[in-house]
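Position in the sequence shown (from 1) plus 77 gives the number in this note's numbering. All C-beta atoms, glycine included, are put in the ideal place defined by N, C-alpha and C.
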Amino acid sequence: MTLIKLILRWLLTRLYGVEVHGLAHCRQAGGRVLIVANHTSYLDAALLFAFLPGHLTFAVNAGVARRWWVRLALAWVDHFPMEPANPFSIRGLVKFVQQGRQAVIFPEGRITVTGSLMKIYQGPGLVADRSRAALLPVRIDGAQLSPFSRLRGRERLRWFPRIRITVLPPRHLLIPTAVRGRARRVAAGRLLADLMTEMIFVTSDYRHTLFEALLDARRRHGGRRLVMEDVERRPVSYDGLIRRIFVLGRVLAGDTARGERVGLLLPNTVNTVAALFALQVHGRVPAMLNFSAGARNVLAAAQAVELRIVVTSRRFVQMARLAALIERLEERLRMVYLEDLRDRLQAGDRLRGVWCALFARTAYNHLSRRAQAGDPAVVLFTSGSEGVPKGVVLSHANLLANRAQLAARLDFNAQDIILNALPMFHSFGLTAGTLLPLLSGMKTFFYPNPLHYRIIPELAYDLNATILFGTNTFLAGYARYAHPYDFYSMRYVFAGAEKLHDETRRVWAEKFGLRVLEGYGSTETAPVLAVNTPMDFRAGSVGRLIPGIEYELEPVPGVSAGGRLLVRGPNIMLGYLRAGRPGVLEPPAATRGNGWYDTGDIARVDDDGFVWLLGRARRFAKIGGEMVSLAAVEDLAARLWPKALHAAINLPDPRKGERIALLTTQGGATREQLAAFAKQEGAGELMVPRRVAVTRVMPVLGSGKVDYGAVRELLDEQPVPPMVVTTTKQ
């Protein structure tokens with residue numbers, strides 16, 4: 078047996094350059110061990126047999142074990158035939174492990190056909206729980222790219238990919254003794270699934286720069302793979318994008334200094350992505366400006382990050398009607414236009430760019446002065462919906478960690494086509510809509526305006542798009558105008574940035590047969606913190622926290638169920654840049670200490686780990702000593718008037734401290750109607766706004782969020798033009 082193991086180890090090492098990490102954890106696990114590994118290919122069992130120490134017994138699906146070629150392989154190893162769903166098989170394996178044996182099992186029960194984790198069966202978790210064995214997680218990575226996988230047509234396969242095996246520290250399933258029966262089985266399965274998901278994330282290589290990740294993606298998927306397209310309808314490959322990055326980077330570097338933050342005021346196009354990377358390659362930090370925020374907010378953002386130069390496009394300024402904004406910006410900033418840069422390019426610049434693209438890694442190390450994963454990669458800005466925008470500095474590792482966290486939970490693959498209409502100045506549009514697909518071999522179509530409710534469904538149909546990102550406002554608009562067949566090819570529709578309304582969820586389910594997956598996060602978290610998935614879904618929640626996130630709920634006076642959500646993880650920003658202290662980085666800190674980020678949201682987390690948002694801490698009204706969630710008031714109005722948009726704010730009140738006012742697009746809405754509905758629903762009197770106002774158009778930001786600053790102006794005590802707002806008071 079030892080000789081066979083040595084021969085197999087030598088052969089696999091020669092063919093696949095197998096690297097093994099963490100073997101010391103095998104000794105820490107002790108004698109009673111259940112080894113759990115992801116199942117990537119037909120090579121997996123041979124890899125574990127050859128490279129893991131000790132005498133291993135493989136738990137094998139009885140149906141698979143009957144195949145002739147499997148019987149031939151099993152003749153050389155100890156194995157335990159079992160059916161994952163058969164209680165007698167599970168009982169037998171429990172007794173086997175209790176004897177102090179080392180058993181190997183693949184909890185997915187089958188080789189992955191998505192490239193990501195498949196369904197995790199509860200049986201292996203129950204075996205570990207009942208036998209009190211240590212769980213030893215093992216990640217196999219690379220074998221899925223071989224012809225022995227089941228990803229043909231999904232991935233670019235090669236005969237001898239590099240394979241990496243990582244053994245993580247042993248774990249024990251900690252389930253309270255009071256949990257029994259079926260509930261214990263479910264708990265064991267969920268804990269095992271979480272362990273496997275965490276394993277995938279922890280062993281992901283996100284500790285490098287964005288451009289290095291781009292080069293890795295090109296190597297994996299091929300330089301000729303088409304990965305980007307915009308309204309110009311000229312698809313761009315990895316090779317084409319990298320050439321464009323080096324050519325554009327040279328002329329941008331000539332106008333800027335190393336380490337300088339440079340503003341990008343550009344729409345969703347391939348050139349915007351090229352400019353983003355071009356600045357990073359030359360050691361500059363792009364600052365993504367929100368061109369829909371208004372001159373005051375854009376200037377405040379520029380002041381916070383000490384901008385000197387802003388890169389934009391004359392064509393974009395003209396088409397987006399931003400001449401007034403540019404005129405204001407030119408009073409304090411130097412504007413650089415892409416059209417002018419193009420005119421400055423010489424033949425030598427283009428040849429140099431092509432040459433650098435051929436030796437991209439060497440050129441990048443030279444130009445960037447060997448940038449590190451922890452260096453600033455980009456500056457985004459908070460929405461300014463409740464104050465002056467703050468600069469949010471995100472590192473390369475922050476962004477790549479968030480991508481890896483999402484990939485550990487969701488089965489994205491290189492065959493997906495992303496339709497991204499969310500602007501890149503929005504963290505959702507940058508990380509999920511741009512970086513995630515680009516670095517995963519998926520094709521992305523960029524559309525510059527998410528408010529084109531008639532055009533975007535047609536584009537989805539024309540492109541055969543499989544993934545769409547949006548906010549509740551945008552998704553409701555698409556559903557209103559789309560043909561029922563426009564989204565026929567969609568696999569996933571994700572909603573974020575604002576609460577997903579029940580009506581929007583219902584319309585997408587009934588009209589398109591699609592379940593909208595709601596997520597949650599913030600710019601400061603790069604941005605995703607929690608997300609619903611096909612395997613972990615609960616309507617009304619924002620999903621379960623992604624792997625790598627620690628959380629605490631800080632008690633809030635007046636809030637009994639839940640608390641203020643504090644989080645810590647590898648995707649948390651480097652810090653803030655504020656207009657009041659330009660250029661001074663303010664690292665994240667909360668009551669729990671440095672490195673923790675206070676989300677400012679009131680939330681509760683249920684027994685299954687699903688996060689339920691109760692509202693922003695700032696968006697609670699204190700009325701007569703009672704805390705009332707403004708989000709809950711909006712939800713009440715949405716249930717009564719599901720086709721309208723609603724925004725609730727708190728205003729000063731001389732008697733009760735504060736009072737609630739509601740702005741709605743529901744024609745003819747009155748406080749009396751809402752009060753009657755609240756009584757019918759069993760909602761308290763405090764939930765009924767003292768004032769209800771109607772507007773034809775709800776003020777929204779470019780990201781799709783409600784602009785509460787503008788709402789407050791409309792609902793101010795000052796007289797309001799009756800043609801814009803009508804009010805019914807108590």
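Alpha-carbon spacing of residue i relative to residue j, whole angstroms
| i | j | result |
| --- | --- | --- |
| Leu536 | His723 | 29 Å |
| Ala753 | Leu353 | 53 Å |
| Ser369 | Ala397 | 10 Å |
| Ala709 | Ala715 | 10 Å |
| Leu83 | Leu133 | 15 Å |
| Ile188 | Pro246 | 24 Å |
| Thr581 | Ala556 | 8 Å |
| Arg209 | Pro253 | 13 Å |
| Pro611 | Gly219 | 25 Å |
| Leu251 | Val388 | 54 Å |
| Val308 | Arg262 | 51 Å |
| Arg592 | Ser566 | 13 Å |
| Arg257 | Ser166 | 20 Å |
| Thr349 | Val605 | 22 Å |
| Arg259 | Arg447 | 54 Å |
| Gly107 | Gly177 | 9 Å |
| Val297 | Asn727 | Reading off the sequence shown, one finds Arg at residue 297, where the question assumed Val. Straight-line Cα distance between these residues: approximately 53 Å. |
| Leu512 | Thr747 | 45 Å |
| Pro201 | His249 | 13 Å |
| Glu631 | Val95 | 46 Å |
| Val244 | Leu222 | 20 Å |
| Pro214 | Pro238 | 22 Å |
| Asp684 | Gly692 | 20 Å |
| Ser637 | Gly677 | 17 Å |
| Ala270 | Ile277 | 11 Å |
| Thr79 | Ala122 | 16 Å |
| Gly660 | Arg302 | 40 Å |
| Leu540 | Gly510 | 16 Å |
| Arg427 | Met501 | 27 Å |
| Ile679 | Thr600 | 17 Å |
Whole-Å CB distance - residue i paired with residue j, under 8 Å assumed
| i | j | result |
| --- | --- | --- |
| Gly596 | Val608 | 4 Å |
| Ala205 | Leu111 | 5 Å |
| Ala440 | Phe323 | 7 Å |
| Gly468 | Tyr653 | 6 Å |
| Gly518 | Ala478 | The Cβ separation is near 19 Å, so there is no contact. |
| Val181 | Arg207 | The Cβ separation is near 18 Å, so there is no contact. |
Which residues DSSP lists as bridging residue i, in chain order
| i | result |
| --- | --- |
| Thr741 | His723, Val771 |
| Pro214 | Val113 |
| Arg736 | Leu728 |
| Arg295 | None, per the DSSP bridge assignment. |
| Gln179 | Val110, Leu133 |
| Glu232 | Arg229 |
| Asn497 | Phe523 |
| Ser472 | Pro453 |
| Met808 | Because the chain spans 78 through 807 in this model, residue 808 falls outside it and cannot be assessed. |
| Tyr628 | Val644 |
| Thr243 | His98, Arg216 |
| Phe157 | Ala136 |
| Ile81 | Answer by DSSP bridge pairing: none, since Ile81 is not bridged. |
Chain D within 8 Å of residue i, Cβ atoms only
| i | result |
| --- | --- |
| Leu778 | Looking at the structure shown, chain D is missing, and only one protein chain is on hand. |
Nearest candidate by alpha-carbon position, reference residue i, set the options
| i | options | result |
| --- | --- | --- |
| Glu762 | Ala474, Met775, Ser706, Thr349 | Ser706 |
| Ala255 | Ala264, Leu444, His249, Ala770 | Ala264 |
| Ser390 | Leu399, Ala474, Leu728, Leu384 | Leu399 |
| Pro525 | Val619, Asn345, Asp678 | Asn345 |
| Arg641 | Pro647, Trp689, Glu663, Asp282 | Trp689 |
| Glu416 | Leu643, Leu329, Ala491 | Leu329 |
| Arg486 | Gly506, Leu435, Met273 | Met273 |
| Val113 | Val455, Gly230, Ala211 | Ala211 |
| Phe564 | Pro534, Tyr558, Leu740, Leu577 | Pro534 |
| Gly657 | Ala378, Leu428, Ala638 | Ala378 |
| Val347 | Tyr785, Arg320, Glu306, Val771 | Glu306 |
| Thr550 | Leu540, Leu528, Ile544, Tyr562 | Leu528 |
| Thr521 | His503, Thr543, Phe502, Ser599 | Thr543 |
Please give me, in chain order, every unbroken run of the alpha helix (DSSP H) with length at least 4 that falls completely inside the stretch 86 to 123. 101 to 105
What are the start and end residues of each continuous beta strand (DSSP E) run of 3 or more residues lying completely inside the stretch 669 to 712, in chain order? 674 to 682, 688 to 693, 697 to 700, 703 to 706
Which residue spans inside the stretch 559 to 619 form an unbroken alpha helix (DSSP H) run of at least 4? 579 to 589
Length-filtered (3 minimum) beta strand (DSSP E) runs lying within the stretch 284 to 351: 303 to 306, 338 to 341
Residue ranges of each beta strand (DSSP E) run of no fewer than 3 residues wholly in the stretch 381 to 408, ordered along the chain? 386 to 389
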